[in-house]
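Below is one structure, written out as structure tokens; comments come after it.
Number of protein chains: 2
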Amino acid sequence: MRPCQGEVTVWLPEPGNGEETLGAIDRAATISEVAALAGVSPGTASKALNGRGALRPETRRRVQEAAEQLGFVANAAARSLQAGRTYTVGMITTDSIGRFSIPLLIGAEDALGAGQVSVFLCDARDDPIREQYYLRTLLGRQVDGIIVTGRRTQARPPIGVGLPVPVVYAFISSTDPADCSVVPDEADGARRAIEHLLAVGRRRIAHVTGPEHHHSATVRAAAALRTLAAAGLEPAANVLFGEWSEAWGRQAAGILLSTGAEVDAVFCGSDQIARGLAEALQEAGRAVPRDVALVGFDNWDVMVDGSRPALTSIDMDLEGIGRTAAELLLTAINGEPAHGRHALPGRLIPRASTAVNPF
Amino acid sequence: MRPCQGEVTVWLPEPGNGEETLGAIDRAATISEVAALAGVSPGTASKALNGRGALRPETRRRVQEAAEQLGFVANAAARSLQAGRTYTVGMITTDSIGRFSIPLLIGAEDALGAGQVSVFLCDARDDPIREQYYLRTLLGRQVDGIIVTGRRTQARPPIGVGLPVPVVYAFISSTDPADCSVVPDEADGARRAIEHLLAVGRRRIAHVTGPEHHHSATVRAAAALRTLAAAGLEPAANVLFGEWSEAWGRQAAGILLSTGAEVDAVFCGSDQIARGLAEALQEAGRAVPRDVALVGFDNWDVMVDGSRPALTSIDMDLEGIGRTAAELLLTAINGEPAHGRHALPGRLIPRASTAVNPF
DNA sequence: AGCGTCAGGGCAATCGTTTTCCTTCCGTTG
DNA sequence: CAACGGAAGGAAAACGATTGCCCTGACGCT
């Protein structure tokens with residue numbers, strides 16, 4: 000194996016650097032060594048370190064000092080072999096690790112780290128083979144549970160049936176209603192967007208979003224239309240389906256302007272679309288938010304802050320979804336499995352693109 | 000523990016769903032059970048499944064079928080207990096998982112996954128306490144090695160001294176030259192940027208970048224100036240240090256224009272800066288790339304593609320850095336530790352912002 | 001003084017797999 | 001026919017931590 004490809008520059012350390020690292024540990028100490036140093040048996044040492052059994056305080060202290068001195072950390076393999084639990088969960092991102100997976104991952108790691116549980120990360124890259132391979136790997140490592148995440152909210156077939164460990168789906172959901180899924184309430188998010196636009200006085204509202212075959216796009220669009228209808232309004236234009244890109248946002252702006260529809264607000268299916276729309280509208284002489292107010296979706300920092308004006312957006316609270324999924328997984332591991340699809344509400348983050356008084 | 004906070008909508012599965020999941024596994028099968036089913040001893044079963052020992056082909060097959068039938072996956076805890084290796088490495092991202100960590104992570108996971116090694120992910124969030132906590136956790140889990148990554152290329156103190164397992168730093172580097180670090184060659188990247196601008200005929204080149212106290216900013220700036228000097232040129236303006244944001248890019252455009260410096264190209268310290276600059280320049284009536292050519296840094300897809308025109312940029316090959324770090328770690332685990340700072344070259348990705356003939 | 005009680009701590013089994021010896025059986029050869 | 005050798009597979013130790021059980025003193029009570 001050639002570790003480095005292409006040109007590589009290497010600075011080697013200067014030789015003859017005589018200082019020895021202090022406290023060097025060649026091999027991790029075992030509890031027997033700790034016990035020997037403390038002058039007790041391994042069993043007693045275990046009790047001392049885990050606060051079990053009946054020990055003289057002085058003995059306990061002696062063992063603890065010995066452990067400290069040797070830098071003892073219990074071998075997790077041995078411990079889990081005997082406990083039957085590994086205090087480890089697997090996290091499979093079915094599509095690549097990306098913008099959506101990360102907050103989920105952080106949220107999950109947050110909730111699990113507090114419970115002394117470590118996370119095995121697996122990136123299946125949209126490949127069912129890799130997915131099953133990782134699943135087997137995780138099962139072989141006797142994880143206590145598995146979190147499955149992905150980039151799209153659309154329901155997917157269960158990753159496995161009759162698995163020996165609990166599984167929770169985060170962001171994506173399983174088609175099997177008996178599985179436990181934690182997803183964003185996208186319809187609720189779309190409702191908040193429309194209601195916010197209504198609240199700031201807009202009445203001629205259009206919706207520009209991603210591909211029609213994309214679950215999120217259709218769910219959000221339907222909810223937006225429902226909310227408008229509930230207010231006795233029609234959309235100012237037909238829903239424009241396209242892609243999740245700035246380029247499509249710019250293009251959509253042209254379409255809206257050319258139809259002559261008197262649009263005073265656009266709810267966009269993503270922040271990227273909104274940003275493209277904002278740019279093109281302003282180039283065409285429409286002021287944002289004065290003439291047209293904009294609401295995005297995702298609350299992606301780099302987009303909402305980079306856009307001018309800054310974008311009002313819907314935050315799906317991905318971190319919260321990851322955290323909730325992890326917490327549900329922990330309770331499932333403790334014997335109380337949850338079922339069904341848990342939809343978490345998002346928040347609307349108001350910014351300049353829907354300001355009432357833009358001065 | 001309340002798993003869900005805030006409003007939550009739950010759809011429960013319809014009760015009375017009578018179908019039993021097929022092949023349900025309550026408890027993972029052990030090798031003894033496989034052995035019993037195949038009519039051999041556990042030791043023999045182990046040999047059969049691992050291709051060791053002298054066994055009749057027919058016996059081997061019988062064991063394999065039994066394993067298949069029971070869905071046997073070897074208990075990794077037991078295996079690593081006896082092997083002294085866990086086929087697991089830890090990955091500590093010292094600052095939060097972000098845009099830079101992900102490609103590193105993907106690259107590392109790529110190189111390791113192929114070697115049947117799993118990754119423990121830990122996010123220390125810039126907190127030294129968390130960092131040491133995770134380090135202990137990883138050591139307790141007997142990882143075979145540790146990869147340390149971060150968001151900044153600046154050298155950092157070693158995460159620990161005399162650790163019982165090899166450590167490789169990726170993207171960041173360790174201040175201890177005896178440690179192994181894999182970093183992008185930022186100076187080389189800056190050189191490529193300047194040489195590209197020279198190659199497309201620009202001579203009055205400015206540099207706008209991030210904070211002066213930021214290692215990457217100073218390294219890139221120094222290399223840019225050196226490259227210009229080597230071509231017998233002065234920079235068209237003083238290096239402008241600011242922040243890594245679009246807003247700063249826009250502001251810097253104003254500064255450059257107001258000084259009256261006849262700039263025909265700007266090398267930007269990041270794609271965000273370049274995007275802001277592109278916007279502001281064009282609003283001021285300068286065409287990109289006709290009047291001013293732009294080169295960014297990072298090759299961040301959403302920036303280089305969202306910008307108009309699309310940005311030429313320097314790609315640090317983060318994925319390659321992650322992969323190389325992982326490969327070096329694997330060889331270190333196998334007893335051949337590498338030392339020193341390995342700088343990997345980047346690539347310049349040409350796009351419209353430096354096109355010679357923009358028509 | 002004798003017995004019971006309990007604190008303190010050692011012993012050994014256990015978890016599941018691998019691996020190092022053995023044992024057994026069969027065929028071959030001197 | 002005896003001895004040897006190799007093939008096939010079994011028995012058991014080992015990895016390291018935990019834990020239930022047991023042992024040993026010391027102390028108190030009658």
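Residue numbers (numbering that gives the first Met the number 0), protein chains in the order written: chain A, 0 to 358; chain B, 0 to 358. All C-beta atoms, glycine included, are put in the ideal place defined by N, C-alpha and C.
Residue i CB to nearest heavy atom of the ligand ATP below 7 Å
i, result
"R219 (chain A)", "By its list of ligands, the structure shown contains no ligand whatsoever, and the ligand ATP lies outside what it can speak to."
Same chain only: Cβ atoms within 6 Å of residue i, ignoring 5 sequence neighbours per side
i, result
"P288 (chain B)", "S352, T353, A354, P357"
"M315 (chain A)", "P183, G345"
"E326 (chain A)", "A110"
"D283 (chain A)", "Before going further, note that residue 283 (chain A) is Ala rather than Asp in the sequence given. Hits under 6 Å: L256."
"T323 (chain B)", "V181"
"A260 (chain B)", "A235, A236"
"S306 (chain A)", "R274, A277"
"A154 (chain A)", "S172, T174"
DSSP three-state assignment for residue i, whether helix, strand or coil
i, result
"S90 (chain A)", "It is Met, not Ser, that sits at residue 90 (chain A) in the sequence shown. Residue state, collapsed to three classes: strand."
"N356 (chain A)", "coil"
"S306 (chain B)", "coil"
"S180 (chain B)", "strand"
"R202 (chain A)", "coil"
"S40 (chain B)", "coil"
"G339 (chain A)", "strand"
"T136 (chain B)", "helix"
"R124 (chain A)", "coil"
"I145 (chain A)", "strand"
"A169 (chain B)", "strand"
"V301 (chain B)", "helix"
"L378 (chain B)", "Residue numbering for chain B in the displayed model covers 0 to 358; residue 378 (chain B) lies beyond these limits and cannot be assessed."
"V287 (chain A)", "coil"
"V160 (chain B)", "coil"
"V207 (chain B)", "strand"
"T226 (chain B)", "helix"
"L21 (chain B)", "At L21 (chain B), the pLDDT of 31 sits below 50, so the modelled position is not reliable; the number obtained from the coordinates is stated separately. It is coil, neither helix nor strand."
"E32 (chain A)", "helix"
8 Å CB neighbourhood of residue i in its chain, flanking five on each side removed
i, result
"R124 (chain B)", "D94, S95"
"S244 (chain B)", "Q271, I272, G275"
"P176 (chain A)", "H338, G339, R340"
Residues sharing a beta bridge with residue i, DSSP
i, result
"L293 (chain A)", "A:V265"
"H212 (chain A)", "Paired residue(s): none; H212 (chain A) is not in a bridge."
"I193 (chain B)", "The partner list for I193 (chain B) (beta bridge, DSSP) is empty, contrary to what the question assumes."
"T311 (chain B)", "B:V294"
"L347 (chain B)", "B:I313"
"A154 (chain A)", "A:S172"
"F119 (chain A)", "A:G89, B:F119"
Pair within 8 Å by beta-carbon distance, residue i and residue j
i, j, result
"H214 (chain A)", "T152 (chain A)", "yes"
"I193 (chain A)", "F266 (chain A)", "yes"
"V88 (chain B)", "V118 (chain B)", "yes"
"E108 (chain A)", "D122 (chain B)", "yes"
"T226 (chain A)", "R190 (chain A)", "yes"
"A222 (chain A)", "V262 (chain A)", "no"
"V207 (chain A)", "G268 (chain A)", "yes"
"R201 (chain A)", "A264 (chain A)", "yes"
"A82 (chain B)", "L80 (chain A)", "no"
"V142 (chain B)", "T85 (chain B)", "yes"
"V294 (chain B)", "L134 (chain B)", "no"
"G97 (chain B)", "R150 (chain B)", "yes"
"G139 (chain B)", "V166 (chain B)", "no"
"E242 (chain B)", "G209 (chain B)", "yes"
Burial state of residue i (16 or more Cβ within 10 Å)
i, result
"R274 (chain B)", "buried"
"N298 (chain A)", "buried"
"T258 (chain A)", "exposed"
"H212 (chain A)", "exposed"
"S100 (chain A)", "buried"
"E57 (chain A)", "exposed"
"D300 (chain B)", "exposed"
"I105 (chain B)", "buried"
"T174 (chain A)", "exposed"
Own chain residues within Cβ distance below 7 Å of residue i, not counting five before or after
i, result
"A47 (chain A)", "L54, T58, R59, V62, Q63"
"A23 (chain A)", "Confidence at A23 (chain A) is low in this model, with a pLDDT of 42, below 50, so the placement of that residue is unreliable and no value is reported for it."
"V39 (chain A)", "T58, V62"
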